[in-house]
Each structure stands twice: as C-alpha cells, then as structure tokens.
Amino acid sequence: MERYEVNYDVMKKVVNNCPELPEQVLWTLQRCDGFLDLGMTAQAQSEFQKIPRMFHSRQETCEIILRMAIDEKNWPLAVQVAMDLIQRFPNEPTYHVQLAYSIRRKDNIVAARAVLLQAQRRFKKMAVIPYNLACYECQLGNQEHALSYLKRAVKLNADFMELALDDDDLEPIWSALESDDAF
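Residue numbers (this note's numbering): 7 to 189.
In structure tokens:
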C-alpha cells in the first residue's frame with residue numbers, strides 16, 4: 007500500500023490574498039481533519055459544510071477536500087484538487103505524492119510512476135517518493151528497480167524498512183528484504 011502524507015503545518019499559513027482564516031474556520035478544519043484521521047468521512051463532510059464558500063479555495067481547505075476525495079475513492083476529484091494544489095504550490099512535495107496516489111487509482115501505475123519520477127528529480131530528500139516508486143516498480147514486475155528505490159528510501163528514512171516488510175505492494179521482494187545482502 008502506498009503512503010501519502012499531508013502537511014498539517016499549512017493549516018496555519020496565510021496564503022494568496024485571501025482574508026485570514028477566522029478562528030472558527032480553523033477549528034472546523036481541525037475537526038474535519040480529526041474525523042478523517044478516524045476514518046469518519048461522512049462526519050468530516052458534514053463538518054466541512056459549515057465552512058463558508060469564500061474559503062473553499064484556500065490551501066488549508068483544499069487539503070481537506072483532497073483528503074475527503076481520497077478517503078471516498080473519488081479519484082477524478084482527488085486528481086483535480088491535487089493538480090490545482092501543485093499548480094499553486096509547486097514546492098510542496100506532498101501534493102505530488104497525493105497526485106500520483108490518485109492517478110494510480112484513477113488511471114494506472116505507469117501514469118502514477120511518471121508523476122513520481124518527475125517529483126523525484128525535484129524533491130531528492132523525500133523518502134516517500136522513492137518508497138512509492140519501489141511499490142510501483144514491484145507491481146510492474148521490476149523487482150531490481152523496486153529494491154533500488156527502496157534502498158534509496160530507507161537511506162533517507164530507516165522507518166520505511168519496517169513499512170516495506172508489511173506492504174502488500176512489496177510482497178514480491180519480501181524475501182530479498184529479509185536477506186542480509188539486500189541492505
């Protein structure tokens with residue numbers, strides 16, 4: 007299973023020329039976020055309805071929309087929102103990972119891999135990118151490439167080794183991971 011990360015630090019950023027988010031809207035976004043963390047998408051959607059439309063294009067709000075779309079498996083919406091976020095905030099690697107994740111579900115692994123290959127050139131220190139590339143390569147039958155990407159991910163963040171040993175996408179290379187020679 008791929009991992010996607012959400013940058014929660016942006017919840018407090020003021021972006022664009024939009025008015026600053028009122029405290030009530032921030033609290034509503036935090037409640038939505040909490041519901042999503044608990045897998046309570048319907049409650050998050052209900053809570054989201056309380057946010058005035060004038061704030062729906064804000065980065066913080068779009069992140070919640072993206073999370074809800076992913077949780078609902080609404081891949082066309084997830085792709086659209088992720089692409090919009092990338093266009094407005096190209097230096098945020100999380101959105102590239104979420105776009106690839108959504109494209110994998112909406113279209114195919116090859117298209118998702120293309121997104122991450124491009125992101126990898128730009129965000130060389132993000133372990134989640136080579137990790138997801140390892141998953142894609144493994145599912146495409148390219149075990150050597152998968153191992154290479156996984157080694158890169160683990161070098162950046164050792165925690166990814168533990169994830170890899172429990173990730174069904176990487177099952178074809180589990181035996182190689184358990185050998186001393188692999189890493």
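Cβ atoms here follow ideal geometry from the backbone N, Cα and C, with glycine treated the same way. It should be emphasised that the depicted structure is a prediction, and the values quoted were computed from it without experimental measurement.
What would DSSP say about residue i, mapped onto helix, strand or coil?
i, result
"His-62", "coil"
"Phe-166", "helix"
"Lys-112", "helix"
"Asn-23", "Residue placement at Asn-23 is poorly supported in this model, since its pLDDT is 43, which falls under 50; the coordinates are not used for a value here."
"Asn-13", "With a pLDDT of 41 at Asn-13, under the threshold of 50, the predicted position of this residue should be treated as unreliable, and no value is reported."
"Asp-77", "helix"
"Ile-70", "helix"
"Glu-98", "coil"
"Asp-175", "helix"
Residue i lies in the alpha helix (DSSP H); which residues open and close that run?
i, result
"Ala-140", "134-145"
"Lys-161", "149-162"
"Pro-82", "81-94"
"Met-181", "The sequence as given places Ser at residue 181; Met does not occur at that position. Run containing Ser-181: 180-184, per the alpha helix (DSSP H) assignment."
"Gln-55", "No alpha helix (DSSP H) contains Gln-55, which DSSP labels as neither H nor E."
"Leu-42", "29-43"
Distance check for residue j and residue i, CA to CA, integer angstroms please.
i, j, result
"Asn-114", "Ala-125", "17 angstroms"
"Asp-173", "Glu-78", "21 angstroms"
"Gln-86", "Ala-75", "10 angstroms"
"Leu-83", "Cys-141", "23 angstroms"
"Arg-110", "Val-31", "32 angstroms"
"Leu-162", "Met-132", "7 angstroms"
"Leu-122", "Glu-26", "33 angstroms"
"His-62", "Gln-55", "10 angstroms"
"Glu-69", "Phe-166", "24 angstroms"
"Val-20", "Ser-181", "Any reading at Val-20 must be qualified, since the residue scores a pLDDT of 34, below 50, and its modelled position is unreliable; the value itself is stated next. Their Cα atoms are separated by approximately 48 angstroms."
"Ile-71", "Ala-106", "17 angstroms"
"Thr-67", "Ser-185", "45 angstroms"
"Asn-80", "Ser-108", "9 angstroms"
"Arg-158", "Lys-130", "10 angstroms"
"Ile-135", "Glu-53", "32 angstroms"
"Leu-139", "Leu-171", "16 angstroms"
Taking the CB atoms as reference points, tell me whether residue i and residue j lie closer together than 9 angstroms.
i, j, result
"Arg-128", "His-102", "yes"
"Ala-48", "Arg-73", "no"
"Gln-65", "Arg-94", "yes"
"Leu-146", "Ile-179", "no"
With a threshold of 9 angstroms between beta carbons, is residue i in contact with chain C?
i, result
"Leu-32", "Protein chains in the displayed structure number just one, and chain C is not present."
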